[in-house]
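**Q** Using our numbering, the letters of the sequence shown correspond one by one to residues 173 to 559. Glycine included, C-beta positions come from ideal geometry on N, C-alpha and C. Keep in mind that this is a model prediction, so the values were computed, not measured. Supplied in structure tokens, the structure appears directly below.
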Amino acid sequence: MDQSGDIRLASAPSTYGPFDPDAVGVLGACLALGPAGDAAALRADIARVGAERLFALTDTLRLTPALASALQDKALFVDMPPITLPDGRRTIARTIADELAAHDERRAALTARLTEIVAACNRIGIEPLLIKGARSLWIGGSRWRAMLDLDLLAASPRAEAIQSQLRAIGYVDPSNLHERPAHHHLTPLARRDSPGTIEVHKRGGNRQAEPLITTAELEAAATVWRHDSGARARILPAPLHLLHSLVHHHVGHSSGARGLVDLKGLYEFAAEIARLDEQDRDALLARARRHPRLLVALDLWIAAANAFFALPVGPPLLVCADAAERWRRALARLTGMRRKEWKYPGYAEDLAMATDRDRAKRAGGDSPVARVTLGWRAAISLAPKIA
Numbered sequence: 173m174d175q176s177g178d179i180r181l182a183s184a185p186s187t188y189g190p191f192d193p194d195a196v197g198v199l200g201a202c203l204a205l206g207p208a209g210d211a212a213a214l215r216a217d218i219a220r221v222g223a224e225r226l227f228a229l230t231d232t233l234r235l236t237p238a239l240a241s242a243l244q245d246k247a248l249f250v251d252m253p254p255i256t257l258p259d260g261r262r263t264i265a266r267t268i269a270d271e272l273a274a275h276d277e278r279r280a281a282l283t284a285r286l287t288e289i290v291a292a293c294n295r296i297g298i299e300p301l302l303i304k305g306a307r308s309l310w311i312g313g314s315r316w317r318a319m320l321d322l323d324l325l326a327a328s329p330r331a332e333a334i335q336s337q338l339r340a341i342g343y344v345d346p347s348n349l350h351e352r353p354a355h356h357h358l359t360p361l362a363r364r365d366s367p368g369t370i371e372v373h374k375r376g377g378n379r380q381a382e383p384l385i386t387t388a389e390l391e392a393a394a395t396v397w398r399h400d401s402g403a404r405a406r407i408l409p410a411p412l413h414l415l416h417s418l419v420h421h422h423v424g425h426s427s428g429a430r431g432l433v434d435l436k437g438l439y440e441f442a443a444e445i446a447r448l449d450e451q452d453r454d455a456l457l458a459r460a461r462r463h464p465r466l467l468v469a470l471d472l473w474i475a476a477a478n479a480f481f482a483l484p485v486g487p488p489l490l491v492c493a494d495a496a497e498r499w500r501r502a503l504a505r506l507t508g509m510r511r512k513e514w515k516y517p518g519y520a521e522d523l524a525m526a527t528d529r530d531r532a533k534r535a536g537g538d539s540p541v542a543r544v545t546l547g548w549r550a551a552i553s554l555a556p557k558i559a
């Protein structure tokens with residue numbers, strides 16, 4: 173919101189990098205999901221890089237609540253007083269406490285707005301499908317997850333009905349909005365008492381994402397989750413939610429095309445993978461095998477989460493050598509350690525991984541014809557992004 177009182181869309185910082193390589197390395201260690209490492213060594217690494225550099229990185233990546241939560245959980249600075257020094261600098265313990273308090277306040281406000289929105293949808297006979305961060309809020313997911321907006325999915329004409337209902341309860345167009353009529357969601361809406369905008373999606377993703385997971389499949393798989401308030405929304409089962417979020421980053425936001433991996437998305441993915449039971453892991457892999465680029469993206473992110481966030485990986489999931497190597501290239505690009513190259517190196521990387529013989533076996537066949545078919549299906553999903 174600017175000084176004139178206009179409600180404006182928040183601008184998200186670029187997650188393409190390049191980022192401070194030393195701070196990136198320490199961030200991975202701080203957010204590690206595996207067994208606890210050497211606390212003294214980690215404290216020394218944080219001191220070497222500096223808390224200001226580390227939190228500057230997480231502010232850009234929108235991982236500051238996750239970092240603050242992890243440092244609190246690891247009890248690395250319990251012996252440090254949470255104070256603000258006379259020169260205005262804060263101890264890291266003070267920074268952790270302040271960031272978590274601000275995040276909790278924002279999260280509570282978003283939860284209140286989401287509950288109100290779902291109830292408004294229910295009044296016109298619609299149980300909206302909550303996706304991405306909205307799903308996490310609704311079911312009481314990870315406390316540390318940051319979000320700029322709330323995403324609801326409803327195919328037309330229900331999407332337009334929800335949009336009208338939101339306007340009826342006071343939501344308006346942000347003043348700095350740039351209209352994109354072909355977008356997969358309607359005009360984002362804002363209200364003065366909401367810390368995030370609302371996006372009503374007509375489709376689950378852009379037109380590159382749709383062949384990997386269709387909107388019809390998302391709608392059919394969703395089940396009703398009743399909130400304590402009595403409001404009713406629908407959510408995706410965990411495996412499909414994970415894959416939809418993966419497609420959102422790898423395809424929808426073009427991180428895969430750019431040969432990158434979105435670190436915020438990766439941490440959320442890793443934390444949710446770690447909570448899956450055996451049945452859900454089986455379902456995750458079975459669904460990913462149905463499209464070559466989806467299996468490629470899953471393999472890449474599993475390898476990345478294992479290497480960067482120490483995600484334990486066991487059957488039926490595995491760390492593939494080509495995926496691990498691709499992650500190393502992605503990390504080099506994110507940290508500016510790789511020479512300048514074509515803007516979209518990930519297209520060729522996706523095709524190479526999709527036609528790998530071992531991956532073809534996992535997708536149902538490794539004959540030359542099967543591999544050509546997988547390559548063709550991957551290639552046609554690389555059509556220029558329209559929406």
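With a CB to CB cut of under 7 Å and the five nearest residues on each side skipped, what residues in its chain are close to Ala223?
**A** Result list for Ala223: Ile264, Thr267, in chain order.
**Q** Would you mind working out which of Pro411, Ala496, Ala458 sits nearest Arg534, comparing C-alpha positions?
**A** The candidate whose alpha carbon is nearest that of Arg534 is Ala458.
**Q** For Ile561, I'd like the list of residues in its chain whose CB is within less than 7 Å of its CB, leaving aside the five on either flank, ordered along the chain.
**A** In the structure displayed, the chain extends from 173 to 559; residue 561 sits before or after that span and is not available.
**Q** Distance check for Lys515 and Val344, CA to CA, integer angstroms please.
**A** If I take the Cα positions, the gap works out to 36 Å.
**Q** I'd like the list of long-range same chain contacts for Ala333, defined as Cβ closer than 7 Å, with 5 residues on each side in sequence excluded.
**A** Closer than 7 Å at Cβ, skipping near neighbours: Ile296, Ile298.
**Q** Note down, in chain order, each residue of its chain lying with its Cβ closer than 7 Å to the Cβ of Arg398, except the 5 sequence neighbours on either side.
**A** Cβ neighbours of Arg398 beyond the five flanking positions: Arg404.
**Q** Touching or not, the segment 490-503 and the segment 447-455, by the rule of three or more beta carbon pairs under 8 Å?
**A** Segments in contact, no.
**Q** If we call anything under 8 Å between Cβ atoms a contact, is Leu390 one with Leu301?
**A** For Leu390 and Leu301, yes; Cβs fall inside 8 Å.
**Q** Take Tyr188 and list the residues in its own chain whose beta-carbon comes closer than 7 Å to its own, dropping the five residues that flank it on each side.
**A** The residues are Arg430, Leu432.
**Q** Figure out for me which residue from Ala204, Pro488, Lys436, Phe227 has the closest Cα to the Cα of Asp449.
**A** That would be Pro488, whose Cα lies nearest to the Cα of Asp449.
**Q** Could you round the C-beta distance between Leu358 and Leu322 to whole angstroms and report it? I think they count as a contact, below 8 Å.
**A** Rounded, the Cβ-Cβ distance is 13 Å, inconsistent with contact.
**Q** Whose C-beta lies closer than 6 Å to the C-beta of Val290 among residues of the same chain, with five residues either side of it excluded?
**A** Excluding sequence neighbours, Val290 sits near Ala403, Ala405.
**Q** Who are Ile407's beta bridge partners in DSSP?
**A** BP columns for Ile407 point to Thr395.
**Q** Kindly indicate which three-state DSSP category Ala563 falls into: helix, strand or coil?
**A** Any answer about residue 563 is impossible in this case: the structure gives the chain only from 173 up to 559.
**Q** Terminal residues of the continuous alpha helix (DSSP H) containing His275?
**A** Taken as a continuous stretch (DSSP letters only), the alpha helix (DSSP H) holding His275 covers 264-295.
**Q** Quick one: what's got a C-beta closer than 6 Å to Gln335's C-beta in the same chain, skipping five residues either side?
**A** Counting only Cβ-Cβ distances below 6 Å, and skipping sequence neighbours, we find Leu358, Val372.
**Q** Any idea if Thr395 is buried or exposed, counting beta-carbon neighbours within 10 angstroms, 16 or more meaning buried?
**A** It is exposed - the Cβ of Thr395 has fewer than 16 other Cβ atoms within 10 Å.
**Q** Is the Cβ-Cβ distance between Pro409 and Gly206 less than 8 Å?
**A** Cβ atoms of Pro409 and Gly206: not closer than 8 Å.
**Q** Quick one: give me the first and last residue of the beta strand (DSSP E) that Thr369 is part of.
**A** Segment 369-373, the beta strand (DSSP E) holding Thr369.
**Q** Buried or exposed for Leu229, please, with buried defined as at least 16 other CB atoms from any protein chain shown within 10 angstroms of its CB.
**A** Answer is buried; the Cβ neighbour count reaches 16.
**Q** From what residue to what residue does the beta strand (DSSP E) around Leu301 run?
**A** 301-303 is the extent of the beta strand (DSSP E) around Leu301.
**Q** Nearest-angstrom Cα distance between Arg364 and Met319?
**A** Approximately 17 Å between the Cα atoms of the pair.
**Q** Rounding to the nearest angstrom, what Cα-Cα distance links Leu193 and Arg307 in this structure?
**A** Reading off the sequence, residue 193 comes out as Pro, not Leu. C-alpha separation (whole angstroms): 32 Å.
**Q** Does the beta-carbon of Ile558 have 16 or more other beta-carbons within 10 angstroms, so that it is buried, or is it exposed?
**A** Here the model assigns Ile558 a pLDDT of 35, short of 50, so the residue's position is not dependable, and the following value carries that caveat. Exposed, because fewer than 16 other Cβ atoms sit within 10 Å of the Cβ of Ile558.
**Q** So what does DSSP say about Thr236, is it helix, strand or coil?
**A** Here Thr236 sits in helix by DSSP.
**Q** Pop quiz: Leu203 and Ala247 are said to be a contact at Cβ under 8 Å. What is the actual Cβ separation, rounded to whole angstroms?
**A** The Cβ separation is near 15 Å, so there is no contact.
**Q** From Ala388 to Gly377, what distance separates their C-alpha atoms?
**A** Ala388 and Gly377: Cα-Cα distance of roughly 12 Å.
**Q** With Leu199 as the anchor, note down where its alpha helix (DSSP H) starts and where it stops.
**A** 193-202 is the extent of the alpha helix (DSSP H) around Leu199.
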